Amino acid sequence: MYQRFISLQWKAFYRSASFGRSMGLKIFMAFIAIYFSLVFLTLGIGLYPLLKEAFPEQEPLQIVNRFLLVYLALELLMRFMLQTLPVMTIKPLLSLPILKSKVVNYVLFRSLFSFFNFLPLLLFVPFAVFTGYKTEYSVLSITAWAVAVIGLILCINYLNFLLKKKFADDLKALLPYLIIALALYGLERFDIFSITEVFASGLNYVLEMPFLALLPLLLAFALFKWNQKVLKSRFYLDESLKAKVTEAKSQDFAWLRRFGGIAPFLQLDLKLIWRNKRPKTLIFISLLIMGYGMIFYPQDTYQDLPSVFVFVGIFMTGIFMINFGQFIPAWDSSYYSMMMAQNIPLKQYLNAKAALIIFSIVILTILTTPYVFFGYKILVINIVCAIYNIGINVPVLLFAGSFNRKRIDLEKSPFMNYQGTGAAQWLVGLPLLIMPILIFWVLNKFVSFEVATIVLAALGLLGIIFKKAIMEQITEAYRKNKYAMINGFKQTGE
Amino acid sequence: MALNKQENKMITATNLTKVYGGTKVLDVEHLEIPKGQSFGLVGNNGAGKTTFFSLLLDLIQPTTGSIFNNEITVSQSEAWKPFTSSFIDESFLIGYLTPEEYFYFVGELRNRNKADVAAFLQNFDEFFNGEILGRKKYLRDLSKGNQKKVGIVAALIGDPEVVILDEPFANLDPSTQIRLKALIKKLTAGSEMTVLISSHDLIHVTEVCERIVVLDKGHVVNDIKTSEATLKELEQYFAGAAVQVDEEQQENSFKSEV
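Chains A and B, in that order, are what the protein sequence lines are.
So the first sequence is residues 1 to 494, counted in my numbering.
So the second sequence is residues 1 to 258, counted in my numbering.
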């Protein structure tokens, strides 16, 4: 039976509608995977000598033991954001004579082969081997230690799925746990009670009594069973079909009416953003990015490098532009045929999108004004960047949008969500961020700060002045690509 | 088929073909639909009904030929949009709007203000059967049948001259099917509205359409002015098609046995 599941999943993978189209993305992900594997392997091999050199009077294994809890916590956080349970489409299987437990077990076993379980092996196994050679711990002790660590990682693997099921839709419920974690951190910090020491001594017991290594494994097994129970209880059609019906509230945004012809589209876009998970999250991301300046502005290193501030400026004032704009018009992908058949002039549709983005740039620029605290230059740069964003980057993004062919599911979370991402998204980043930085850097270096800012602002103003003609061209691009877009947006699946 | 009264033509298709990957899915040499006609398109799966409607709405590009909607070439100008409305499938609905918001949105696109739309919707109380308005639900949370009701009614907002409905009867419950038939008859009787409907259900189309065109593998194989005998004729035709397929299959299985 498991072989059949594997063959089913393999078919789902290479027969998916976008198999060829998303190949580039897969290759990119593969490179990232190889990169991280190498990093972890190097770290795993180098960890013992490095720690020995940095803290000669301490046992590297003891240091690792003390940090292991922090490591596991971080890994859990990472997994919570990135790793998902390997899903199978169970609907067609429900009516077939297949034991539910088989499907559930298959899904849970398969999660063991996740890349996230492979990475730590590269780190801990070489380290264990190294430690075994260099110290007088017996082979048995070291093996037991390695087994215990792997057991703990498997616990994290299954714990993550439980947490996800419980909290993915309700992040607020995580708050008490966060408070506990913070409290533990505080106790640790002020040397009142050290949870990491307790954890480390637990691992030391494993070194003394190797059979204790079974404990983490048993814990992992218990978590596996728990997962099994939870998944089995969800193995019903109504679980997946039962739509979470939220009571719809009618909103009007009547004040938008003063924008005339584009008003209905602005209203629609605001509803789109407010009522769907993925675009809604973008708002919060945009607000978070407002803190980006705090990373750069206070640092002395960057004070003589205003080009970096241009990057920060473009990014902060344009974060919503980048996040929302790169997927225009894919946000409307699920009803794009209607938009094309209805009485909607393309030009108005695009103008509405541009207006929304410009509105966001203005708001975000106002929000960045407190950074004037770090010098008037920063305020000037941010305003100039905003003008450049409005004049140049908005049309660039809209134009790039005419190459979008991929459907977007509005209700999915945007984290690690590559749905809708194609070559256009990667390519557009280049002119968006690099061009203004390059222009600014050259002029600032060889002429002066004033000239550099004036040129950037002038470019933006040119874009604003010729907006009408530029939008005309962009509309033409959308018209040309219309059929390919309609067809592309109809393809469901990854 | 010669029709008696002198008519203005509304929709004309000439030399229209659509080829997908070497297969011709639509091949219509000449088809004219006069103004005010209720026009039915029937055919088995893959006959080209949706392809024809998609071409008419400029959602796909014809391989050859063109369609004129009120003398406007649909693939070259957008001027047909103000007087044409349609409901093809759920990709015509905006899932995160409530039905009311969707109606108002469509209304705005067709220059009807909120009051106009609200007054218009009052005519459909019976059709909606209390399941659409004021339910505080988003369109994505409605059942397939109720979504269809919303799509059909939205396509009627703003007095369009041409209304295109693809499979309007599918997914509707029996009462709503009957109400929809009455609605379409009311719309076309004595008005200039041209209604194009496709369906698998021969009884429904013969009841509401003045003229029925049968498509088979992209070709127009029959063009009938609806009369008492039409249903029989159509049933015979499709039964014949079924028998033909049966025979072919038998022949094939025979061959494979030998």
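Ideal Cβ placement from N, Cα and C applies to all residues, glycine included.
Owing to the predicted nature of the structure, the values given are computational and were not obtained by experimental measurement.
CB contact flag (residue i, residue j, <7 Å)
i, j, result
"B/S75", "B/D58", "yes"
"A/Y388", "A/L305", "no"
"B/E210", "B/S38", "yes"
"A/T453", "A/V380", "yes"
"B/G43", "B/V205", "no"
"B/T98", "B/G65", "no"
"A/L41", "A/F127", "no"
"B/G95", "B/E192", "no"
"B/L240", "B/G48", "For the sequence presented, residue 240 of chain B should be read as Gly rather than Leu. No."
"A/P210", "A/A144", "yes"
"A/Y376", "A/G293", "no"
Residue-chain proximity (residue i, chain A), Cβ-Cβ < 7 Å
i, result
"B/I57", "Ile is not the amino acid found at residue 57 of chain B; the sequence shown has Leu there. Yes, its Cβ sits closer than 7 Å to a Cβ of chain A."
"B/P82", "yes"
"B/R110", "yes"
"B/I67", "no"
"B/Q122", "no"
"B/F52", "no"
"B/I11", "no"
"B/F92", "yes"
"B/F169", "no"
"B/Y102", "no"
"B/I60", "yes"
"B/S227", "no"
"B/F105", "yes"
Straight-line gap, residue i to residue j (C-alpha atoms, nearest Å)
i, j, result
"A/K468", "B/P34", "40 Å"
"A/I98", "A/M1", "9 Å"
"A/S201", "A/I179", "25 Å"
"A/L462", "A/G391", "7 Å"
"B/E131", "A/S337", "26 Å"
"B/I152", "B/P168", "7 Å"
"A/L270", "B/E161", "32 Å"
"A/A341", "B/S143", "24 Å"
"A/A243", "A/F324", "In this prediction, A/A243 has a pLDDT of 49, which is less than 50 and means its spatial position is unreliable; what the coordinates show is noted afterwards. Distance between the alpha carbons of A/A243 and A/F324 is about 27 Å."
"A/T196", "A/Y205", "14 Å"
"A/G460", "A/P345", "26 Å"
"A/I434", "A/L397", "14 Å"
"A/A263", "A/D252", "11 Å"
"A/P60", "A/L43", "13 Å"
"B/N129", "A/R4", "47 Å"
"B/S175", "B/I203", "15 Å"
"A/L219", "A/F167", "21 Å"
"A/I408", "A/I273", "13 Å"
"A/N481", "A/I6", "38 Å"
"A/R189", "A/L182", "10 Å"
"A/L50", "A/Y133", "15 Å"
Selected residue, minimal CA-CA separation from residue i, among the options
i, options, result
"B/D223", "B/N15, B/K18 and B/V28", "B/V28"
"A/M485", "A/K271, A/F446 and A/S402", "A/S402"
"A/K225", "A/S101, A/L214 and A/F284", "A/S101"
"B/E90", "B/K24, B/K148 and B/L231", "B/K148"
"A/Q326", "A/P395, A/F374 and A/Q303", "A/P395"
CB contact check: residue i to chain B, cutoff 7 Å
i, result
"A/N351", "no"
"A/S337", "yes"
"A/L256", "no"
"A/P431", "no"
"A/Y478", "no"
"A/R4", "no"
"A/I283", "no"
"A/I328", "no"
"A/N276", "yes"
"A/P49", "no"
"A/P279", "no"
"A/M485", "no"
"A/I344", "yes"
Contact with chain C by residue i, beta-carbon distance below 7 Å
i, result
"A/A341", "This model lacks chain C altogether; the protein chains it does include are A and B."
The ligand MN heavy atom lying under 6 Å from the CB of residue i
i, result
"B/K149", "Ligands displayed in this structure: none; no statement on the ligand MN is therefore possible."
Given 8 Å, three or more beta-carbon pairs between the region 114–134 of chain A and the region 148–167 of chain A: Result yes; three or more Cβ-Cβ pairs closer than 8 Å.
Touching or not, the region 480–494 of chain A and the region 15–30 of chain B, by the rule of three or more beta carbon pairs under 8 Å? With a cut-off of 8 Å, the region 15–30 of chain B and the region 480–494 of chain A do not count as touching, because too few Cβ pairs lie within range.
If you pair each beta-carbon of the region 473–487 of chain A with each one of the region 340–355 of chain A, do three or more pairs fall below 8 Å? Three or more Cβ pairs closer than 8 Å define a contact, and the region 473–487 of chain A meets that threshold against the region 340–355 of chain A.
Flag this pair as touching only if the region 144–162 of chain B and the region 93–107 of chain B have three or more C-beta atom pairs under 8 Å; answer yes or no. The answer is yes - the region 93–107 of chain B touches the region 144–162 of chain B, with three or more Cβ pairs under 8 Å.
Between the region 307–315 of chain A and the region 439–448 of chain A, do at least 3 Cβ pairs fall closer than 8 Å? Because the criterion of three Cβ pairs below 8 Å is met, the region 307–315 of chain A and the region 439–448 of chain A touch.
Segment contact, 8 Å Cβ cut-off, at least three pairs: the region 164–180 of chain B with the region 193–204 of chain B: With a cut-off of 8 Å, the region 193–204 of chain B and the region 164–180 of chain B count as touching, because enough Cβ pairs lie within range.
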